[in-house]
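Colleague: Protein chains in written order, with full-length UniProt numbering: chain U, 1 to 307; chain G, 1 to 259.
C-beta: ideal position from N, C-alpha, C; glycine also.
This is the structure I have questions about; it appears just below.
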Amino acid sequence: MDIIQNIISSFVSLVPVTLAQSLILAFVVLGIMIPFRMLSFPDLTSEGAFPLGGCVCGVLMAAGMSPLAAIAIALVAGFVAGCCTAFIHLRFRIHTLLAGILMMTMLYSINLRIMGRSNLSVFGAPTVFDWVPGLQPGFPPSKIVVAGLIALVVFFLLYHFFRTEKGTAVRAVGANPDMAEAQGINVWMATIGGVGLAGAFSAGGGALMVQSQGFADVNMGLGILINGLAALMIGEAIVGKQSVLRQLAAPFVGAVVYYQLVSLCLAAGMPPPDLKLATGLFVLAMLALPSLKRSRGPAPARETVRE
Amino acid sequence: MLEIRSARKVFYKGQADEKVALDGLNLRLATGEFGVVIGSNGAGKSSMLNAISGALVLDTGHVVINGDDVTAMPVHKRAMRLARVFQDPMRGTAASMTVAENMLLADLRSNRRTLRRGLNATRLASYKERLSLLGLGLENRLDTRVELLSGGQRQSLSLIMAVGGSPELLLLDEHTAALDPRTADIVMQATIRAVEALKLTTLMVTHNMQHAVDFGHKVVMLDAGRVRLEIDGKDKAQTTVPDLIGHFSVKTDRMFLAS
Numbered sequence: 001m002d003i004i005q006n007i008i009s010s011f012v013s014l015v016p017v018t019l020a021q022s023l024i025l026a027f028v029v030l031g032i033m034i035p036f037r038m039l040s041f042p043d044l045t046s047e048g049a050f051p052l053g054g055c056v057c058g059v060l061m062a063a064g065m066s067p068l069a070a071i072a073i074a075l076v077a078g079f080v081a082g083c084c085t086a087f088i089h090l091r092f093r094i095h096t097l098l099a100g101i102l103m104m105t106m107l108y109s110i111n112l113r114i115m116g117r118s119n120l121s122v123f124g125a126p127t128v129f130d131w132v133p134g135l136q137p138g139f140p141p142s143k144i145v146v147a148g149l150i151a152l153v154v155f156f157l158l159y160h161f162f163r164t165e166k167g168t169a170v171r172a173v174g175a176n177p178d179m180a181e182a183q184g185i186n187v188w189m190a191t192i193g194g195v196g197l198a199g200a201f202s203a204g205g206g207a208l209m210v211q212s213q214g215f216a217d218v219n220m221g222l223g224i225l226i227n228g229l230a231a232l233m234i235g236e237a238i239v240g241k242q243s244v245l246r247q248l249a250a251p252f253v254g255a256v257v258y259y260q261l262v263s264l265c266l267a268a269g270m271p272p273p274d275l276k277l278a279t280g281l282f283v284l285a286m287l288a289l290p291s292l293k294r295s296r297g298p299a300p301a302r303e304t305v306r307e
Numbered sequence: 001m002l003e004i005r006s007a008r009k010v011f012y013k014g015q016a017d018e019k020v021a022l023d024g025l026n027l028r029l030a031t032g033e034f035g036v037v038i039g040s041n042g043a044g045k046s047s048m049l050n051a052i053s054g055a056l057v058l059d060t061g062h063v064v065i066n067g068d069d070v071t072a073m074p075v076h077k078r079a080m081r082l083a084r085v086f087q088d089p090m091r092g093t094a095a096s097m098t099v100a101e102n103m104l105l106a107d108l109r110s111n112r113r114t115l116r117r118g119l120n121a122t123r124l125a126s127y128k129e130r131l132s133l134l135g136l137g138l139e140n141r142l143d144t145r146v147e148l149l150s151g152g153q154r155q156s157l158s159l160i161m162a163v164g165g166s167p168e169l170l171l172l173d174e175h176t177a178a179l180d181p182r183t184a185d186i187v188m189q190a191t192i193r194a195v196e197a198l199k200l201t202t203l204m205v206t207h208n209m210q211h212a213v214d215f216g217h218k219v220v221m222l223d224a225g226r227v228r229l230e231i232d233g234k235d236k237a238q239t240t241v242p243d244l245i246g247h248f249s250v251k252t253d254r255m256f257l258a259s
């Protein structure tokens, strides 16, 4: 009994920290979901865009720039990175996944160039989390409030956008690119803009993360993609993906639940190095589930994506 | 008005399997005219439609719609002027989106898309009314995802989407070929009703000789990437199915002799 009590108490004590972290990483999950689900463009850029946002934000904060401006520039950097991935795919007809791998590999060097070294401490520099009145800066509650508020605003803006005329057109590009083009939609613009937007969200998550943890590291993106995918799968399993509302809620719900699960596993004594294996197996199981349900015959491809 | 001027397209140019898809093709369709295109497989029918819609870039030649040369325009720009119904019902609609959203996309084909709410009450009401003309009950399934509809329903939806907004040119690419005879008949009747009511300039590709005889003002037969036969006016009214099939067999006999 003692063991269980210990696990629960250490898990509960971690809840606020984990919640703050998961709300920040929800933006990365959003940056994975938008290309994957809205544009049928499985995109790996976030693995490079997340540290890109972090490095840009870290360098600018170290140079004394205001935290908000640093985030804004990080967003622009992420947007450009996403646009590049989409352009590589469209212009050279390179598979989306390969385009993403190319981009994230190149971004690693770029991130190192931006920072000039592999990590950078910005501890003590002002952050957006300091601005919450009545809460002690640097502690989880202020981070939860700030990240939560941004998440809420982003969620409603996106929900509104995807139901506008332009937003419906963007979704059509993901649903059926041939049809979208025949209906007068510029597939290039929609894809580049959409994947760019996703890159901006991933970078934004990285920038917030740097402000939250007080340092930037070129390796901070390692494995973020598979974590984000796992979070997305959990979110979609909980809230579904049948409507725009549900599809947009999935990244946020999924991120919160997933990181609490991870924290529970760690509290229960799972060695941290095993975490990636566990996450990978989980994502594999979620992706394989539909074909396992059909017990006989060859399973049809679960996802129809662009190549 | 549609004009194709000496269109030429060669696939795999300079290679062993070089194929001339369009060989100096000329075609003219007056405003409000309904042309039916027939021809054996590989005659260049699909290449011609793709060249008109912009999916195929011509080696040489021009495509002119209502006096404007659209040869250099990409597919999405030409979509402002023309609408197309594909043979495959899956291609003309967005499966994971609802009936109403598909209608909205078609509705915005020739407009600038704004950041205003897409599906508003006015639009939903007009979609309901337009879909009710089909008599398939689609007007009560506006919120249904298109993937849940049958092939015939999807194709009917594609048709309603295409004729909405009175495009300057309507392209029908064997649009009843994948349907069962009864559904094909429903879709064909709906097509004729819409084309006549809106006086659309229409180009229909078909393998159904009865359709070629029954409908349209003009029959164009393609062969080896050029127009082999054009029947219009009074001659068209007197043409019978055996006549048309005769033109096919003459060619086949020649192919026998040549080989």
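Sort out for me which residues DSSP pairs Gly35 (chain G) with in a bridge.
Modeller: Counted from its first residue, the second sequence places residue 35 (chain G) at position 35. Per DSSP, G:Leu203, G:Lys218.
Colleague: Once DSSP output is grouped into helix, strand and coil, what is the label at Glu168 (chain G)?
Modeller: Stepping through the second sequence from its first residue, residue 168 (chain G) is reached at position 168. Residue state, collapsed to three classes: coil.
Colleague: Return the Cβ separation of Arg163 (chain U) and Arg117 (chain G) in integer angstroms, given the expectation that the two are a contact with Cβ distance under 8 Å.
Modeller: Taking the first residue of the first sequence as position 1, residue 163 (chain U) is located at position 163. Taking the first residue of the second sequence as position 1, residue 117 (chain G) is located at position 117. Yes, they are in contact, since the Cβ atoms of Arg163 (chain U) and Arg117 (chain G) sit about 6 Å apart, within 8 Å.
Colleague: Pull up the distance between the alpha-carbon of Glu139 (chain G) and that of Leu148 (chain G), whole angstroms please.
Modeller: By 1-based counting over the second sequence, the position of residue 139 (chain G) is 139. By 1-based counting over the second sequence, the position of residue 148 (chain G) is 148. In a straight line, the C-alpha of Glu139 (chain G) is about 15 Å away from that of Leu148 (chain G).
Colleague: Spell out whether any CB of chain G is found under 7 Å from the CB atom of Lys166 (chain U).
Modeller: Position 166 of the first sequence, counted from the start, is the residue given in the question as residue 166 (chain U). So, interface residue.
Colleague: Return the residue from the list G:Asn50, G:Thr71, G:Glu196, G:Gly216 that minimises the CA-CA distance to Lys234 (chain G).
Modeller: For the purposes of this step, residue 234 (chain G) is identified with residue 234 of the second sequence, where counting begins at 1. Nearest C-alpha to Lys234 (chain G): G:Gly216.
Colleague: At a CB-CB cut-off below 8 Å, which residues of chain G make contact with Gly184 (chain U)?
Modeller: Sequence index remark: in the first sequence, residue 184 (chain U) carries index 184 (1-based). Result: His76, Lys77, Ala79, Met80, Leu108, Arg109, Ser110.
Colleague: Can you tell me which residues form a DSSP beta bridge with Glu3 (chain G)?
Modeller: In the second sequence, residue 3 (chain G) corresponds to position 3, counting from 1. Glu3 (chain G) pairs with G:Arg28, G:Val64.
Colleague: Nearest CA to the CA of Gly240 (chain U): which residue from U:Ala151, U:Met33, U:Leu19, U:Leu23?
Modeller: Working through the first sequence from its first residue, we reach residue 240 (chain U) at position 240. It is U:Met33 whose Cα lies nearest to the Cα of Gly240 (chain U).
Colleague: Looking at C-alpha atoms only, which residue of U:Leu232, U:Ala125, U:Pro51, U:Ile8 is the closest neighbour of Asn119 (chain U)?
Modeller: For the purposes of this step, residue 119 (chain U) is taken as residue 119 along the first sequence, with counting starting at 1. For Asn119 (chain U), the nearest C-alpha among the options comes from U:Pro51.
Colleague: My assumption, with CB atoms under 8 Å, is that Leu2 (chain G) sits in contact with Thr201 (chain G). Please give the rounded CB distance.
Modeller: Mapped onto the second sequence, residue 2 (chain G) falls at position 2. Mapped onto the second sequence, residue 201 (chain G) falls at position 201. Leu2 (chain G) to Thr201 (chain G), Cβ: 6 Å. Contact.
Colleague: Let's test the definition: count the other Cβ atoms within 10 Å of the Cβ of residue 262 (chain G) and tell me whether it reaches 16, buried, or not, exposed.
Modeller: The displayed coordinates of chain G run from 1 to 259. Any statement about residue 262 (chain G) would go beyond what the structure contains.
Colleague: For Lys143 (chain U) and Val283 (chain U), I'd like the C-alpha separation in whole angstroms.
Modeller: Position 143 of the first sequence, counted from the first residue, corresponds to residue 143 (chain U). Position 283 of the first sequence, counted from the first residue, corresponds to residue 283 (chain U). Distance between the alpha carbons of Lys143 (chain U) and Val283 (chain U): 28 Å.
Colleague: Could you name the residues of the segment 82-108 of chain G whose beta carbon sits closer than 7 Å to any beta carbon of chain U, in the order they occur along the chain?
Modeller: Listed by position along the chain: Arg84, Arg91, Gly92, Thr93, Ala94, Ala95, Ser96, Met97, Glu101, Leu104, Leu105, Ala106, Leu108.
Colleague: For Gly167 (chain U), which residues in the same chain have their Cβ closer than 6 Å to its Cβ, ignoring the five residues on either side in sequence?
Modeller: Along the first sequence, one-based indexing puts residue 167 (chain U) at 167. Closer than 6 Å at the Cβ level, and outside the excluded window around Gly167 (chain U), lie Phe161.
Colleague: Look up Thr93 (chain G) in the DSSP assignment and say whether it is helix, strand or coil.
Modeller: Within the second sequence, the letter at position 93 stands for residue 93 (chain G). Coil at Thr93 (chain G), not helix or strand.
Colleague: What residues in the segment 113-129 of chain G bring their beta carbon closer than 9 Å to a beta carbon of chain U?
Modeller: So the list reads Arg113, Thr114, Leu115, Arg116, Arg117, Gly118, Leu119, given in the order they occur along the chain.
Colleague: So what does Glu230 (chain G) bridge to, in DSSP terms?
Modeller: In the second sequence, the residue the question calls residue 230 (chain G) occupies position 230. Paired residues: G:Val220.
Colleague: Chain G partners of Met179 (chain U), CB-CB under 7 Å?
Modeller: Here residue 179 (chain U) corresponds to residue number 179 of the first sequence, with the count starting at 1. Going along chain G in sequence order, the residues near Met179 (chain U) (Cβ under 7 Å) are Arg91, Gly92, Thr93, Ala94.
Colleague: Could you check the C-alpha separation between Arg123 (chain G) and Val262 (chain U) for me, to the nearest Å?
Modeller: Here residue 123 (chain G) refers to the residue found at position 123 when the second sequence is read from its first residue. Here residue 262 (chain U) refers to the residue found at position 262 when the first sequence is read from its first residue. Rounded to the nearest angstrom, the two C-alpha atoms are 47 Å apart.
Colleague: Residues in the same chain with beta-carbon distance under 8 Å from Ala151 (chain U), minus the five sequence neighbours each way, listed in chain order, please.
Modeller: Position 151 of the first sequence, counted from the first residue, corresponds to residue 151 (chain U). These residues qualify, in order along the chain: Leu23, Ala26, Phe27, Phe252.
Colleague: Output the distance between the C-alpha atoms of Arg81 (chain G) and Asn50 (chain G), rounded to the nearest integer angstrom.
Modeller: Your numbering for residue 81 (chain G) matches position 81 in the second sequence. Your numbering for residue 50 (chain G) matches position 50 in the second sequence. Approximately 15 Å, taken between the alpha carbons.
Colleague: With DSSP as the reference, identify every bridge partner of Arg141 (chain G), one or two as the case may be.
Modeller: Start at 1 with the first residue of the second sequence, and residue 141 (chain G) comes out as number 141. Paired residues: none, contrary to the question.
Colleague: If you draw a straight line from the alpha carbon of Lys9 (chain G) to that of Ala250 (chain U), how long is it in whole angstroms?
Modeller: On the second sequence, position 9 is the one that residue 9 (chain G) refers to. On the first sequence, position 250 is the one that residue 250 (chain U) refers to. About 48 Å.
Colleague: Going by alpha carbons, who is nearest to His207 (chain G) out of G:Lys236, G:Val220, G:Ala177?
Modeller: If you number the second sequence from 1, residue 207 (chain G) lands on position 207. The residue with the shortest Cα to Cα distance from His207 (chain G) is G:Ala177.
Colleague: Check this for me: beta carbons of His247 (chain G) and Met221 (chain G), under 7 Å apart or not?
Modeller: Counting from one through the second sequence, the residue named residue 247 (chain G) turns up at place 247. Counting from one through the second sequence, the residue named residue 221 (chain G) turns up at place 221. For His247 (chain G) and Met221 (chain G), yes; Cβs fall inside 7 Å.
Colleague: Which bits of chain G does Arg93 (chain U) rub up against, with CB to CB less than 9 Å?
Modeller: Here residue 93 (chain U) refers to the residue found at position 93 of the first sequence. The contacting residues do not exist; Arg93 (chain U) stays about 15 Å from chain G at best.
Colleague: At a Cβ threshold of 7 Å, is Arg306 (chain U) touching chain G?
Modeller: Here residue 306 (chain U) is taken as the residue at index 306 of the first sequence, counted from 1. It does not: the Cβ of Arg306 (chain U) has no partner Cβ on chain G nearer than 7 Å.
Colleague: Please determine if the segment 103-122 of chain G and the segment 37-46 of chain G are in contact, where contact requires at least 3 C-beta pairs separated by less than 8 Å.
Modeller: Too few Cβ pairs lie closer than 8 Å, so no.
Colleague: Where do the N-terminal and C-terminal ends of the alpha helix (DSSP H) with Asp178 (chain U) fall, by residue?
Modeller: Reading the first sequence from its first residue, position 178 is the one you call residue 178 (chain U). Asp178 (chain U) -> alpha helix (DSSP H) spans 177-182.
Colleague: Just checking: is the beta-carbon of Asn176 (chain U) within a distance shorter than 7 Å of some beta-carbon in chain G?
Modeller: Taking the first residue of the first sequence as 1, we reach residue 176 (chain U) at position 176. Judged by the 7 Å Cβ criterion, Asn176 (chain U) is in contact with chain G.
Colleague: Indicate whether at least one CB of chain G lies closer than 7 Å to the CB of Ala169 (chain U).
Modeller: Walking along the first sequence from the start, residue 169 (chain U) turns up at place 169. Chain G contact via Cβ: present.
Colleague: Nearest by alpha-carbon distance to Leu56 (chain G): which of G:Gly39, G:Asn66, G:His76 is it?
Modeller: As a first step, residue 56 (chain G) is located in the second sequence; it is residue number 56 there, counting from the start. Of the candidates G:Gly39, G:Asn66, G:His76, the one whose C-alpha sits nearest the C-alpha of Leu56 (chain G) is G:His76.
Colleague: Taking Met103 (chain G) as the reference, which of G:Gly67, G:Gln155, G:Ile245 has the closest Cα?
Modeller: Your numbering for residue 103 (chain G) matches position 103 in the second sequence. Ranking G:Gly67, G:Gln155, G:Ile245 by Cα distance to Met103 (chain G) puts G:Gln155 first.
Colleague: Hey, out of U:Glu47, U:Ile8, U:Gln21, U:Asn6, whose CA is closest to Leu222 (chain U)'s CA?
Modeller: Taking the first sequence and counting its residues from 1, one reaches residue 222 (chain U) at position 222. Answer by Cα proximity: U:Glu47.
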